[in-house]
Amino acid sequence: MASSSAPRSIKKNAAAPVVDTKAAVSPSLKQGSLVDQELLVLERDDGKRHSRELSACLNEYAKQIDDLQEKNRRLEDELSFDDHVTRDDPFFNDQTAEKLSNLYLQGNNFMIRLELERKEVARLNALIQSHESVLARQKTKLYELAALDRNHTILLGRVRKMEHDIDRRIVKMNEKLNYNRQLRETIDAHRTERARMDDIYTKISSEMLSKRHKVARVSDEVEKVRQEVSAVEQELEDVRQEAEEWEMTCDRRAAVLLQELKEIAMHQKDAEELDDVEKYKFLGENDIMRNMSVAKENVLQSRAKNSRWKTGQTKVATDVMLTKYQENRTYIEKIHEVSGTKTVSEMIEAFNNQYPSPATGCSCQICMLKQRKDSVDFQRMNRIEGLRSKLQLTKDQYKHKEDANQELQAFLAALKPAILLFHSRIGCSDLHNGGDMKKVLGEIEEQIVGVLQTYHAKVEAAKKDGEIPEQTLASSNPSSAAGLPPSKHNRRPSAAPRATTDLTNDKEAARLRSAAGASPPSGGSSSSRVAQHGVSTANTGGDGSKGLDAKTVKAMLSKQQPYRYAGLRPPHMSMEELRKKDNMEEEYPLTYHELKVKVWHNDPTQ
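Written as structure tokens, this is what we have:
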């Protein structure tokens with residue numbers, strides 16, 4: 023009966039929740055419509071608040087699901103326990119069966135509820151997944167639109183800022199370019215001055231440096247030779263002292279040996295003259311030492327020494343002498359056995375023949391060292407004489423260079439008034455410092471460059487008109503027209519001939535000006551006279567440079583190179599610096615904004 027009642031209750035209880043699930047469909051639809059409305063509202067929002075609420079709701083659902091799973095697990099444990107108890111209980115009856123049926127009914131109800139809850143959880147999971155997908159799509163749409171708007175505004179701001187920055191930098195760049203042109207002109211002037219002065223001082227500085235290096239090298243060699251000589255002298259002194267010590271040691275040792283041998287020879291007697299010879303004849307070395315110790319004890323501790331009787335003292339002294347004699351005799355016999363001699367004199371001769379005196383070897387070494395020292399001293403003297411001759415030659419050359427430098431300074435001092443006179447006569451300002459010759463030469467060069475540029479402009483204008491005046495080309499070589507001797511073009515180091523040359527050049531320039539003023543010129547005659555005078559003074563007042571002839575002028579005009587520095591080295595710039603300069607010039611091209619700003623109004627070339 024219990025088994026039949028359980029399925030009916032299960033069917034009834036199972037039929038009731040089905041209606042509940044069907045009835046729960048309409049609230050889900052309503053909830054879906056509300057969610058759609060909320061999503062439509064959230065499309066105009068940033069989406070942050072809804073994401074927080076949805077995450078909180080999902081967390082609550084997850085907690086509820088965890089609680090239900092825990093309850094189901096506990097119920098399953100209880101049911102498994104009851105089944106175990108029912109199977110193993112021997113006292114099973116109707117009451118327990120009824121209780122078990124009720125428990126089964128309750129278990130079925132719980133299982134049905136659990137199944138309903140699982141379905142609800144699955145439905146909620148599906149709904150959550152759909153909402154999450156919709157939310158993700160809405161987020162992506164919102165984030166894309168917001169990101170695009172923000173990027174657009176940022177890019178617009180950056181573009182405006184960059185345009186403003188570019189315009190401002192273009193204006194600054196144009197100003198700097200204009201200023202750089204002026205700086206380049208100044209730099210070119212300084213470079214030409216530096217190139218001019220390098221030729222004057224390079225040779226002197228290089229020669230002086232080489233001489234100083236030579237003197238330093240010679241002094242180092244002299245110092246090394248001195249150190250070597252001092253080391254050799256110290257070695258010789260050490261050897262001499264060592265030889266003296268050895269000689270003294272050998273002398274002392276020889277004196278001691280001779281004295282001992284003399285004493286032994288004096289005290290040596292025949293064996294028959296001694297009393298009780300057998301007592302000492304067959305004694306060994308240990309017995310001899312024992313007898314010596316006994317004799318010493320007798321000498322130090324015997325009462326007979328301190329007694330009044332002389333016989334005791336004499337007996338002790340006699341015993342000591344006999345012991346010493348026997349010891350010396352034993353040593354001499356052993357020496358005779360080893361050396362093969364019979365007497366003391368033969369032993370001394372054999373010793374001298376076999377072992378020569380150390381003083382003899384030391385004296386030989388001393389002689390050799392003296393000879394070596396004499397040779398070293400001779401070599402040192404020769405080397406010192408050679409170094410002295412080299413030093414004297416270096417001093418003479420240094421004096422010669424100093425004299426040449428003084429002559430050059432005197433020449434420059436004599437040339438200075440003529441340069442200042444030429445500076446004032448060509449139209450430069452008289453306000454200058456008397457010691458600043460670089461500035462004076464720079465102003466002279468600028469004036470000559472201006473004259474040459476004016477001359478080139480006149481020649482170009484005449485070339486365009488189709489008529490190049492031959493007189494202009496002929497006047498460009500005033501040295502040949504004036505008939506100056508070739509010695510005038512040569513540079514001499516003395517000051518007096520240079521001054522006379524300057525005076526003759528000034529006279530020639532005055533004569534040319536008078537000749538040019540007497541001839542009737544065409545239009546622009548004053549400028550042509552100034553140009554001719556500038557060219558003539560530049561050719562005659564230069565440092566020995568040759569004048570321009572007609573071929574040179576025609577070649578310069580054909581190459582479109584009106585003026586180049588003649589007789590000068592190029593600026594001291596490396597290839598990397600030249601490439602950097604070219605790159606800097608290529609990085610600043612002319613643009614429309616450059617022309618619009620109009621910063622070139624100060625440029626005289628426009």
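Okay, so the sequence shown: first residue is 23 according to this note's numbering, each after it adds one. Ideal Cβ placement from N, Cα and C applies to all residues, glycine included.
- Tyr223 has its alpha-carbon roughly 25 Å from the corresponding atom of Glu207.
- When Cβ pairs closer than 8 Å are counted between the two stretches, the region 435 to 445 is seen to touch the region 456 to 469, the count reaching three or more.
- Non-local C-beta neighbours of Leu283 in its own chain, meaning closer than 6 Å and more than five positions away in sequence, comprise Val366, ordered along the chain.
- In this structure His445 is buried. Its beta-carbon is surrounded by 16 or more other beta-carbon atoms within 10 angstroms.
- By the C-beta density criterion, Ala277 is exposed, having fewer than 16 other C-beta atoms within 10 angstroms.
- Secondary structure note for Lys486: its alpha helix (DSSP H) is the uninterrupted segment Met459 to Asp487.
- Under the three-state reduction of DSSP, Ile448 is assigned to coil, being neither helix nor strand.
- With respect to Ile286, Ile354 sits close: the two C-beta atoms are nearer than 8 Å.
- Rounded to the nearest angstrom, the Cβ distance from Arg262 to Ile406 is 24 Å, too far for a contact under 8 Å.
- In the structure shown, Thr365 falls within a coil segment according to DSSP collapsed to helix, strand and coil.
- With a cutoff of 8 Å on beta-carbon distance, Leu437 and Val244 are scored as not near each other.
- Taking C-beta separations shorter than 8 Å and ignoring five residues to either side along the sequence, Lys421 has no partners in its chain.
- Taking C-beta atoms as the reference points, Lys233 and Gln475 fail to come closer than 8 Å.
- Taking C-beta atoms as the reference points, Met230 and Lys417 fail to come closer than 8 Å.
- Thr345 counts as buried, since no fewer than 16 other beta carbons sit within 10 angstroms of its beta carbon.
- Approximately 31 Å separates the beta-carbon atoms of Tyr83 and Leu167; this is outside 8 Å, ruling out the contact.
- Around the Cβ of Gly129, a 10 Å sphere holds 16 or more other Cβ atoms; the residue is buried.
- In this structure, the CA atom of Asp260 is about 10 Å from the CA atom of Val254.
- Spatial neighbours of Glu139 in its own chain (CB-CB distance under 6 Å, excluding positions within 5 residues in sequence) are listed in chain order as Leu90.
- Here Asn196 is buried: its Cβ has 16 or more other Cβ atoms, across all protein chains shown, within 10 Å.
- The beta-carbon distance between Glu467 and Thr214, rounded to whole angstroms, is 7 Å. This is short enough to meet the 8 Å contact definition.
- Non-local C-beta neighbours of Leu258 in its own chain, meaning closer than 6 Å and more than five positions away in sequence, comprise Leu391 and Lys395, ordered along the chain.
- Of the residues assessed, Val360 falls on the exposed side of the cut-off, its CB having fewer than 16 other CB atoms within 10 angstroms.
- Contact between Leu136 and Asn94 holds, since their C-beta atoms are separated by about 5 Å, short of 8 Å.
- Our two residues, Glu349 and Ala372, have alpha carbons roughly 22 Å apart in a direct line.
- In this structure Val240 touches Leu413 by the C-beta definition: roughly 6 Å separates them, less than 8 Å.
- Nearest neighbour of Asp399 by Cα position, chosen from Asp425, Val247 and Ala158, turns out to be Val247.
- Nearest in C-alpha terms to Met403, of all of Val251, Trp268 and Leu199, is Val251.
- The closest CA to that of Leu430, considering only Glu266, Asp187, Lys225 and Glu269, is found on Lys225.
- Between Leu56 and Ile150, the C-beta spacing is not below 8 Å.
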